[in-house]
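Residue numbers (our numbering): 3 to 579.
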Amino acid sequence: MFKEKRLFAFMKDQRRLLAFHLGGAVLNATLLVLWAIVLADAINRLFMLRQTLDQIGELLVILLVLTLSRAALTYFTELTAHEIGERVKSDLRMRLTEHLLRLGPSYTQNERSGELANTLSQAPEDIAIIFSQYLPALFLAAIVPLIVLLFVFPIDLLSGVVMLVTAPLIPFFMILIGGIAGQLARRQYAALSLMSAHFLDVLQGLTTLKLFNREGAQTETIRAVTDRFRRTTLSVVRIAFLSALALEFLATISIAVIAVEIGVRLLYGFITFERALFILIIAPEFYMPLRTLGARFHAGTNGAAAAKRVFAILDAKPIVRTASLEQPSVPNYTIRFEDVSYAYGERAALHSVSFEIPHGKQTALIGHSGAGKSTVAALILGFLTPSTGRITVGGVPLEALPLTWWRDQVAWLPQKPYLFNGSVLENIRHAKPEATEAEIYAAAQAAAVHDFILSLPEGYQTQIGERGARLSGGQAQRIAIARAFLKNAPVIVLDEATANLDAETEQQITAALKRLCEGRTALIIAHRLSTVAQADQVVVLSGGRVVESGTPRALLQRDSAYRALVMAANEPLPQAK
């Protein structure tokens with residue numbers, strides 16, 4: 003019924019609960035028929051045979067026991083169905099999160115954050131409804147009518163035939179109308195994802211909107227987006243009500259047909275009162291699971307729409323690295339690029355790049371925007387894998403090293419480090435979860451940020467807000483440097499870590515970075531060329547190719563690309579070491 007058949011694979015992990023649920027449903031359906039038989043017998047004895055309540059006391063006790071048993075089984079089956087849904091939701095959310103982490107920034111940077119957040123939070127909720135509501139209703143719709151017919155056919159063949167003929171009409175119309183509802187549900191989910199993504203964009207860009215006086219225009223855009231979602235939702239609701247009307251009408255007509263034929267035959271003596279009463283009691287119960295299935299089918303379509311997006315994410319292929327070294331060990335941390343090429347789809351970013359980042363030395367990587375500098379950093383960090391060529395660490399191929407182990411050896415400091423919504427202490431401790439407070443204080447002192455942190459209202463326990471909203475760019479950068487000091491990794495990757503800072507802050511951070519890089523293998527992607535003068539070597543990229551490399555002093559003393567970049571930037575010629 004759903005295109006995403008893989009949804010039902012989640013049931014394999016819940017076989018035990020599913021067996022309990024199905025067992026309870028079968029037993030409940032059997033007790034339902036017995037309850038109808040006992041009730042019909044009791045009414046027949048009381049009103050037709052003129053027996054007293056004392057004479058039918060045993061039947062009343064049995065009826066009470068059956069009623070309580072059915073109530074307990076109904077509670078049990080609903081509880082197990084809810085538990086299955088909760089487990090599937092938890093499992094699916096975990097799988098999504100783990101898969102997104104494996105995909106890494108190379109995937110997420112091409113997606114809208116708000117839409118991904120909506121998928122992570124809302125999609126598992128919608129899919130869980132399939133397992134907690136739709137599938138249990140599907141099982142009941144298959145089990146209850148079958149058990150009822152097994153009892154009805156021996157008692158009254160004609161009524162059994164009427165039930166058998168009319169029952170398929172309900173799921174037929176349910177599927178017929180449900181096909182339209184499924185299309186609308188997918189449109190609704192797409193509109194919800196768009197709205198979530200747009201709201202997050204607006205919140206993150208609120209300062210820019212205010213600056214350019216675009217609040218009014220953005221308000222109209224939000225109104226249009228929300229109105230589109232409203233109209234799509236109302237379309238889904240309209241179809242749902244239409245479906246409910248059709249299914250209720252069919253069920254009511256079917257029960258009426260049974261009641262008429264039973265009444266006529268009872269009038270002419272072709273059926274006994276007790277059997278007629280049993281059929282009339284059981285007929286609504288026969289159609290009830292089918293009506294419930296029709297009502298919950300539309301809840302399932304929302305889950306199916308969410309599943310389409312979920313499986314689109316799960317189908318995305320992460321970078322697969324078959325590390326051959328279980329206990330990695332490298333003689334040194336010299337990183338070598340050997341004829342490395344990489345392309346983003348049709349756009350080539352690197353062309354046969356070869357250079358070396360010596361162990362314990364500082365290598366500056368410079369070039370115009372789009373030259374491929376960030377691609378080099380992503381390759382070193384393992385977010386990307388070379389299309390051709392290879393990268394080695396101490397002579398060991400990078401792909402042979404376990405990715406988690408390698409990332410423990412690398413500290414990365416980007417231009418805009420991400421700080422989580424928590425305390426300063428928590429954000430620094432991300433680099434080393436088991437670190438003591440003394441180690442964190444020492445890292446902060448090394449990054450020259452300890453005194454600043456102590457000046458905050460609650461010191462290290464001060465909440466800094468989402469993305470470090472309560473800090474300036476330089477303050478956030480220094481906390482990120484403290485995080486790098488705490489990690490104490492042998493390899494450092496600095497991706498334009500001093501860009502967009504004022505001169506005084508840049509000087510403070512440059513001094514902290516100098517201390518951080520001492521004795522470590524460091525790759526410095528430079529924004530301001532004057533900051534790379536103290537590097538041991540400079541590698542110049544242009545158009546995805548290495549055009550030259552050497553020491554800053556040697557490159558400045560000749561007509562080099564490095565010297566041309568410095569002159570074009572209108573910066574004073576740096577005093578290279």
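Each residue gets a CB set at the ideal place from its N, CA and C atoms; glycine is no exception. Keep in mind the model is a prediction, meaning the values are calculated, not measured.
Measuring straight from C-alpha to C-alpha, what distance separates residue i and residue j?
i	j	result
residue 30	residue 76	7 angstroms
residue 185	residue 262	39 angstroms
residue 494	residue 412	6 angstroms
residue 10	residue 311	16 angstroms
residue 486	residue 432	10 angstroms
residue 66	residue 143	25 angstroms
residue 344	residue 373	12 angstroms
residue 69	residue 32	12 angstroms
residue 330	residue 513	33 angstroms
residue 476	residue 456	16 angstroms
residue 563	residue 397	30 angstroms
residue 295	residue 97	29 angstroms
residue 15	residue 82	14 angstroms
residue 569	residue 526	20 angstroms
residue 3	residue 303	Caution applies to residue 3, whose pLDDT of 46 falls short of 50 and renders its modelled position unreliable; the model cannot decide the point.
residue 545	residue 379	16 angstroms
residue 138	residue 127	16 angstroms
residue 400	residue 182	52 angstroms
residue 334	residue 510	30 angstroms
residue 195	residue 349	29 angstroms
residue 93	residue 269	59 angstroms
residue 403	residue 361	17 angstroms
residue 255	residue 74	31 angstroms
residue 346	residue 217	36 angstroms
residue 110	residue 418	17 angstroms
residue 234	residue 88	28 angstroms
residue 301	residue 187	9 angstroms
residue 8	residue 172	26 angstroms
residue 12	residue 80	19 angstroms
DSSP puts residue i in a beta bridge; with which residues?
i	result
residue 232	DSSP output for residue 232 lists no bridge partner at all.
residue 527	367, 497
residue 541	367, 551
residue 460	Answer is none; residue 460 lacks a bridge partner.
residue 338	358, 394
residue 536	According to DSSP, which records beta bridges pairwise, residue 536 is partnered with nothing at all.
residue 465	425
Just to check my reading of the structure: residue i and residue j have Cβ atoms closer than 8 angstroms, yes? What is that Cβ distance to the nearest angstrom?
i	j	result
residue 524	residue 484	About 17 angstroms separates the two Cβ atoms, so there is no contact after all.
residue 297	residue 246	6 angstroms
residue 600	residue 320	The shown model of the chain, from 3 to 579, leaves out residue 600, and the question about it has no answer.
residue 249	residue 176	6 angstroms
residue 315	residue 99	About 10 angstroms separates the two Cβ atoms, so there is no contact after all.
residue 2	residue 283	Only positions 3 to 579 of the chain appear in the structure, and residue 2 is not among them; the question remains open.
residue 141	residue 24	6 angstroms
Report yes if the CB atom of residue i is closer than 8 angstroms to the CB atom of residue j, and no otherwise.
i	j	result
residue 1	residue 488	Since the first residue of the chain shown is 3 and the last is 579, residue 1 is not available in this structure.
residue 293	residue 318	no
residue 366	residue 415	no
residue 665	residue 299	Shown here, the chain extends from 3 to 579; a query on residue 665 therefore has no answer.
residue 130	residue 91	yes
residue 288	residue 165	yes
residue 375	residue 369	yes
residue 158	residue 47	no
residue 238	residue 548	no
residue 384	residue 352	no
residue 64	residue 19	no
residue 1	residue 469	Because the chain here runs from 3 to 579, residue 1 falls outside it and cannot be looked at.
residue 359	residue 387	no
residue 534	residue 540	yes
residue 394	residue 340	yes
residue 162	residue 78	no
residue 467	residue 423	yes
residue 108	residue 357	no
residue 134	residue 101	no
residue 116	residue 219	no
residue 193	residue 251	no
residue 522	residue 492	yes
residue 147	residue 291	yes
Is any heavy atom in the ligand SAH found nearer than 7 angstroms to the beta carbon of residue i?
i	result
residue 460	This structure lacks the ligand SAH, and indeed carries no ligand of any kind.
Would you mind listing the beta strand (DSSP E) stretches within the stretch 343-430 that are 3+ residues and don't spill past its ends, in chain order? Correct list: 349-359, 364-368, 390-395, 412-415.
Every unbroken beta strand (DSSP E) within the stretch 221-295, with a cutoff of 3 residues, ordered by chain: Runs found: none.
Please list the segments of the beta strand (DSSP E) lying wholly inside the stretch 93-166, counting only runs of 3 or more residues, in order along the chain. Within the stretch 93-166, no complete beta strand (DSSP E) run reaches 3 residues.
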